[in-house]
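In my numbering, the protein residues as written are 344 to 709.
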């Protein structure tokens with residue numbers, strides 16, 4: 344089926360392409376990056392099909408089938424394609440695929456063993472250190488034989504990072520983000536009788552350094568990989584990034600843009616999570632009005648942070664894209680949150696609505 348979108352851009356014209364325009368960046372992402380993501384996901388699907396253990400194989404295949412949009416969304420950081428190395432996209436898809444697979448292993452395979460979850464998530468930390476040897480990530484997990492699937496994902500990440508010129512400048516920050524992500528994943532998947540207390544105690548302690556956010560919002564921000572991808576995007580062109588810029592990107596994404604990302608993810612799943620008795624960080628808001636106020640704050644603060652970063656146009660697109668991607672989901676209207684979505688889109692300023700309408704069109708072809 345041919346993809347026809349309401350934008351008229353010739354991305355094959357000769358000469359240097361100016362990617363300062365929102366539409367140019369979005370067109371590059373849709374027409375150049377997403378097709379490459381599809382090929383990489385197909386590669387990992389073929390690897391997953393070779394997993395000997397049937398439970399592990401099922402979880403790997405389901406994570407690829409049901410969470411492909413995580414890789415598709417994260418891949419925006421590999422745009423504009425003509426300036427980004429293949430290694431960046433290889434890393435984004437492999438790392439996000441690893442995150443999604445581990446999430447399934449902790450959530451859907453019948454285990455609530457925190458020690459097993461911690462050991463599994465060591466792979467995310469090792470993936471960020473090119474010279475680190477691999478570990479036995481299934482050491483405490485009831486299922487073991489994945490045919491080397493996790494190791495292949497980690498090796499791909501390590502090999503990709505070894506070819507990113509200024510990775511050493513952002514490695515410490517990326518490692519901190521991976522540690523926070525892993526802590527969240529371990530605690531949120533514990534047995535239900537322990538989960539809330541463990542999660543609340545940890546997040547309240549860690550959130551003390553962020554006076555403007557609540558502990559469930561801190562926990563939500565830990566669940567996003569976008570900050571790692573944003574830092575890597577800044578590291579691919581040698582000599583263009585300073586330590587101050589690294590810290591600016593880190594503080595802009597965490598907690599604001601990362602928090603907005605995951606809060607929106609939970610927001611559209613409220614009915615599903617309520618029916619299934621699942622954890623949802625938006626349930627900690629006392630009512631819908633307060634939830635709206637907090638998401639508006641995260642939206643506005645994310646836009647302010649985007650303006651301050653290098654490549655501000657790109658990061659503004661990311662924020663608007665998050666709103667467009669989640670708020671264009673059919674589940675928003677089904678839950679009666681149409682007016683809520685309008686308010687959030689309006690709070691993002693100019694361009695948010697056009698991105699929203701574009702996202703609704705693209706959804707029909709993904």
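Think of the CB as a built atom: it goes at the ideal place given N, C-alpha and C, for glycine as much as any other residue. Since this is a predicted model, take the numbers as computed values, not measurements.
- For the set 394, 440 and 405, the Cα lying nearest the Cα of residue 380 is the one of 440.
- The C-beta distance from residue 675 to residue 684 rounds to 5 Å, short enough to fall under 8 Å.
- Nearest neighbour of residue 392 by Cα position, chosen from 679, 492, 680 and 599, turns out to be 492.
- In this structure, 707 is the residue among 630, 707 and 661 with its C-alpha nearest to the C-alpha of residue 673.
- DSSP places residue 541 inside the alpha helix (DSSP H), whose first and last residues are 535 to 549.
- In this structure residue 406 does not touch residue 365 by the C-beta definition: roughly 31 Å separates them, more than the 8 Å allowed.
- Closest in alpha carbon position to residue 499, among 691, 408 and 429, is 429.
- In this structure, residue 386 sits away from residue 467, with a CB-CB distance that is not shorter than 8 Å.
- In the structure shown, the three-state DSSP call for residue 632 is helix.
- Contact between the stretch 456 to 475 and the stretch 522 to 540 is established, with three or more Cβ pairs separated by less than 8 Å.
- Annotated as proximal: residue 570 and residue 520, with beta-carbon spacing under 8 Å.
- The alpha-carbon of residue 482 is positioned some 43 Å away from that of residue 633.
- In the pairwise beta carbon analysis, the stretch 444 to 455 is classified as touching the stretch 483 to 490: at least three pairs are separated by under 8 Å.
- When the five nearest sequence neighbours on each side are left out, the beta carbons in the same chain lying within less than 7 Å of the beta carbon of residue 608 are those of 669, in order along the chain.
- Apart from sequence neighbours up to five positions away, the residues of its chain that approach residue 534 with a beta-carbon distance below 7 Å are 455, ordered along the chain.
- Rounded to whole angstroms, residue 510 and residue 630 show a C-alpha spacing of 43 Å.
- By the CB criterion at 8 Å, residue 568 and residue 438 fall inside the cutoff.
- Under a 10 Å Cβ-count criterion, residue 539 is classified as exposed, with fewer than 16 other Cβ atoms of the shown protein chains found around its own Cβ.
- A contact between stretches requires three or more CB pairs, one per stretch, nearer than 8 Å, and the stretch 639 to 647 meets this requirement with the stretch 599 to 615.
- Residues 376, 379, 380, 383, 418 and 421 of the same chain have their beta carbon placed closer than 8 Å to that of residue 432, with the five preceding and five following residues left out of the count.
- By the Cβ neighbour-count rule, residue 647 is exposed, with fewer than 16 other Cβ atoms within 10 Å of its own.
- According to the DSSP assignment, residue 673 belongs to the alpha helix (DSSP H) that extends over 673 to 677.
- Nearest Cα to residue 615 within the set 677, 559, 635 and 557: 677.
- Apart from the 5 residues on each side of it in sequence, residue 558 sits with its Cβ closer than 7 Å to the Cβ of 543, 546, 547 and 550 in its chain, given in chain order.
- In chain order, 530 and 533 place their CB closer than 7 Å to the CB of residue 541, counting only its own chain and leaving out the 5 sequence neighbours on each side.
- Taking the C-beta atoms as reference points, residue 660 is found nearer than 8 Å to residue 368.
- DSSP, read as helix, strand or coil, puts residue 664 in helix.
- As the crow flies, the alpha-carbon of residue 427 is around 8 Å from that of residue 580.
- Between residue 637 and residue 627, the gap from beta carbon to beta carbon reaches 8 Å or more.
- Distance from the CA atom of residue 586 to the CA atom of residue 574, rounded to whole angstroms, is 11 Å.
- A Cβ-Cβ separation of about 7 Å places residue 605 in contact with residue 564 under the 8 Å criterion.
- Residue 588 and residue 566 have their alpha carbons spaced roughly 23 Å apart.
- Taking all protein chains shown into account, residue 700 has fewer than 16 neighbouring C-beta atoms within 10 Å of its C-beta and is therefore exposed.
- Within a 10 Å sphere around the beta-carbon of residue 516 sit 16 or more other beta-carbons, which makes this residue buried.
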